[in-house]
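Protein chains in written order, with UniProt numbering: chain Y, 1 to 484; chain E, 1 to 486.
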């Protein structure tokens, strides 16, 4: 039988507010345990939450970026359950009236086609603390630094049909939240985590199969692997005459498998009810307009503009718009050099290669966008040739010069376009290579084209790479052919 | 000194007739002598009080005294006080030293008042008799066989016995007004949102409100001037200007329109209580007020609605007492579930457990709409009843409680205890202010007249109450206990 996979994602994005969602404590990552938890985060008797307006603004910005409806009123609810790292015995979340309503996101697939994934809603909530099971001699340590960190939970519709689509969706969300600057998107530090709902159904069947929820998958790669495993498990189970049960599963990246955590029957009754300590959040049109006006150009718009206005290929446009930093770097290079195609080639080629080799992100590139743009400009205006350009790039990378021009000057890489000077070098090379000249002369005419390469190389070497290769080529051919 | 009002004591301090140190020592001695019988305090902070008194006297000498500088007060043990045990009447918090001051405490302290200690209360403010305290029942100074009311029973008894001139209480379903009535003092429950709840240990967050308990309405007005106002730490506190509550105390009452809700004079009302209340209303007529009967048709739904909403919120609010970070923890837990269940089973009393169970049940899947959602609808109807009534009248009057103080141990059945709050509970559901003033006696025990106003009408309630106290002397009568222990 042909099976179809149905996937929905719940993505938890940690918002980059300075302080927590309901208290003034800092949200900075990596502090000593329990040093960033104030009376409110500890859930001491008598404390009350106060909503962080920055978290509201960030959630709304996300909503606007995914074309979502923003309800005038949203409400915080309490999700009640006991856990040692949940200090109040409830998590303040939004169950019934979330801050962001239905919207959609465009994802780009490997073949550069796009697909719309609908977002059901997104809601604000507080994170819990962490339970630490190591180093406590059979006891559990509790670190409440993370307790109260604002999260935006983005819930998709079950619109994805493959692990690749799910990963593309996660990347699209990642790119939107980092473009907006509402999250650092750092998955390794847990700034983005996701729960994956997976089910399978016979191709052509309309009704959904029973789904399993895979909790806490925290990388793009794991999302794909967890889904691949889960889909296979469900299909095998059904084909062997079994039934998928609705349950929560955990992905184990070490073993590359999902394992059952709890079934629906064991699920908590969270006893949601409106939090009486917080007022409903009421947003007026002026506030929404204000935030809308502050939205940066978003990945999908940038991608379209790169293709339509700058004439880049779909592939280039996609790569260059994937992150805000990459896009901004490219756009600056383009602004300085004036040639989008060249800018795209350099950013994706020489620069990305060097960054990857040294495992650097584009924000930490030793070569600035301004420097790279100027370098490309010197290629475009024939000041240097392509070979010299690579040398200049390397020098800039190594910090051996303030600008492309300074490197060109210091290293004497300016392209020689003076015909007389090039002819002199050619004459010398010809004079010093009697054997090769003889070989050239004796060859079949159609093979001479290849042999000319040797002479070009010698001339370029003599010019220390500065001679204009096209000129060298043309002049060499003339002179050699004159010897025939 | 013990029979003086806050207003009188403040004048004596201002004139130099008294020092705060003398005043504070006097009341501390009275507590020392008499409270063994009453059990109105859980913690007495004598040393701290004396050093605060000295600071107050110094501030006065330096010309930096405010109106209430140097006045001793007591705080219901529900208000967090930095470095002082804050038990909320529970074994669960018997070991809890609050690391911060509640906003109310901070404001009272900034106003120069002296805290003598923390008063006894029903555990987590759940009760109407003060019999639900881990620290034992409080006795009514008018009759040691009677309860003082609850949950602010310690505050009420201490003021009535002259152990402190005024005290702070909290009121979720009547917990200021009913004990004020039972003990023959004046107690004001402000509008929900008028006084910050920050640092006040939560019972039912949408109903809890702090307020003053004192001998007179004038004293309550002075205290309201200190504690009322918006607090950025409490999102439900209202950003609205605070009037000087003492300024309008003497406004004449001629033309005041009083409504008597017929539902507050029905079955179950003690005839002597009714008589006292009707006499009080006559006093108002003599002051120029007009009286008419009004109806609050949804009154009889108030108690059921309250016992859905309050326990629901309480079940969630009390989840933090899990033995993990603070409060009672059972000995040698074998695992996490054991830690939770035994810590909570040992730390909470019967009534608290009952309400947690009720609340957990009503919020459960499959029951939520039938209970919680329905109760919220009823709550809106009850609120509307009051708003409709205030279209026609300025204030509503009736008894604060259907009976005077009952005997200790008399109400074994929780539901009969819940029915005690029939006249007070709707007020919390509606969020309006209410005050109870002494209005006579029934069987030798005090009767409270309850006066209700619309949202933020505290100044009017205090004015109406003060004018009654200018015309009567019920509020000046002291129980024999207060004199015997002078």
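Glycine is no exception: its CB is placed at the ideal position from the N, C-alpha and C atoms.
Comparing C-alpha distances from residue 113 of chain Y to each of Y:304, Y:152, Y:69 shows the shortest one belongs to Y:304. Counting only the Cα atoms, residue 125 of chain E lies some 41 Å from residue 287 of chain Y.
Rounded to the nearest angstrom, the gap between the Cα atoms of residue 111 of chain Y and residue 168 of chain Y is 12 Å.
Pairing residue 310 of chain Y with residue 335 of chain Y, the inter-Cα distance amounts to about 11 Å. For residue 90 of chain Y, the pairing in a beta bridge is given by DSSP as Y:80. For the 9 Å CB-CB criterion, residue 396 of chain E and residue 129 of chain E do not form a contact. Of the candidates Y:404, Y:275, Y:269, Y:9, the residue whose Cα lies closest to the Cα of residue 92 of chain Y is Y:275.
In terms of Cα proximity to residue 72 of chain Y, the closest of Y:338, Y:461, Y:289 is Y:289. Here residue 289 of chain E has 253, 256, 258 as same chain residues with Cβ atoms under 6 Å from its own Cβ, once five neighbours each way along the sequence are excluded. Taking 9 Å as the CB threshold, residue 99 of chain E lines the interface with chain Y.
Between residue 161 of chain E and residue 406 of chain E, the C-beta gap is not smaller than 9 Å, which leaves the two residues out of contact. Only exposed fits residue 337 of chain E, as fewer than 16 other CB atoms lie within 10 angstroms of its CB.
Residues of the segment 187-198 of chain E with a C-beta less than 7 Å from any C-beta of chain Y: 197, 198, listed in chain order. Among the CB atoms of chain E, none fall inside 9 Å of the CB of residue 136 of chain Y. With distances taken between CA atoms, residue 344 of chain Y lies nearest to Y:327 out of Y:356, Y:327, Y:360.
Contact annotation: the segment 426-443 of chain Y does not touch the segment 401-411 of chain Y, with fewer than three C-beta pairs closer than 8 Å. Bridge pairing for residue 168 of chain E: E:75, E:212 [DSSP]. Contact with chain E is absent for residue 52 of chain Y, since none of that chain's Cβ atoms lies less than 9 Å from the residue's Cβ.
Residue environment: residue 464 of chain Y is assigned as exposed (fewer than 16 neighbouring CB atoms within 10 Å of its CB, all protein chains considered). Between residue 24 of chain Y and residue 80 of chain E, the C-beta spacing is not below 9 Å.
In the structure shown, residue 48 of chain E adopts helical secondary structure according to DSSP, grouped into three states. Taking C-beta atoms as the reference points, residue 333 of chain Y and residue 384 of chain Y fail to come closer than 9 Å. Out of Y:446, Y:172, Y:15, Y:201, the CA that lies nearest to the CA of residue 5 of chain Y is found in Y:201. At least one CB atom of chain E sits nearer than 9 Å to the CB of residue 277 of chain Y.
Within chain Y, 273 have C-beta atoms less than 7 Å from the C-beta of residue 372 of chain E, given in sequence order. Closest in alpha carbon position to residue 281 of chain Y, among Y:12, Y:474, Y:353, Y:96, is Y:96. Residue-level contact by beta carbon holds for residue 312 of chain E and chain Y, with a gap shorter than 9 Å. Neighbourhood of residue 96 of chain Y in chain E, by CB distance below 9 Å: empty, with the nearest CB roughly 11 Å away. Of all C-beta pairs linking the segment 77-86 of chain Y to the segment 123-132 of chain Y, three or more are shorter than 8 Å, placing the two stretches in contact. Going by C-alpha positions, residue 261 of chain E is about 32 Å away from residue 158 of chain E. With the rule of 3 Cβ pairs closer than 8 Å, the segment 371-391 of chain E counts as touching the segment 286-305 of chain E. Taking C-alpha positions only, residue 404 of chain Y is separated from residue 389 of chain Y by approximately 9 Å. Chain E places a beta carbon closer than 9 Å to that of residue 46 of chain Y, counting this residue as a contact.
Uninterrupted alpha helix (DSSP H) stretches at least 4 residues long and entirely within the segment 57-131 of chain E occur at 103-110, given in chain order. Here residue 273 of chain Y is bridged, per DSSP, to Y:78. Around the CB of residue 116 of chain Y, fewer than 16 other CB atoms lie within 10 Å, so the residue is classed as exposed.
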